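Since the structure comes first, as structure tokens, the remarks are kept for the end.
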Amino acid sequence: MAESYSTSLEWKGSGEIGKRLAGLIPPGIDFELVDEGDFVKLVVNVVSDNLEALRISVDSLLTLFSDQDQ
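Here the numbering used here is used: the sequence shown runs in plain steps of one and ends on residue 318.
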């Protein structure tokens, strides 16, 4: 059985920013944008077959998101 590594990123904030962040997520990465009343929650699930690729994917996502949360 092959090993699999995964992690989740969770963000909470305004619906406008949440939609913007969700639009930046590359195809093939699973995510969910949930309306929780006064705010939204974005959950991004990242899965890879090795730790280095997982780290690179998470780093890339955080870089994409870094200028949007304002």
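Glycine included, C-beta positions come from ideal geometry on N, C-alpha and C. Just so you know, these numbers come straight off a predicted model, no measurement behind them.
| Query | Result |
| --- | --- |
| Opening and closing residue of the beta strand (DSSP E) in which E264 lies | Run containing E264: none in the beta strand (DSSP E); it sits in the alpha helix (DSSP H), 263–272. |
| Reduced DSSP category for F279 - H, G, I as helix; E, B as strand; rest coil | strand |
| Cβ pair E280, V291 closer than 8 Å | yes |
| Whole-angstrom C-beta distance between V306 and L269, which should lie under 8 Å | Not quite, the Cβ-Cβ distance comes to about 14 Å (not below 8 Å), so this is no contact. |
| Proximal residues to T255 (C-beta, below 7 Å), its chain only, five neighbours per side dropped | V294, L302, V306 |
| L257 - partner residues in DSSP beta bridges | V292 |
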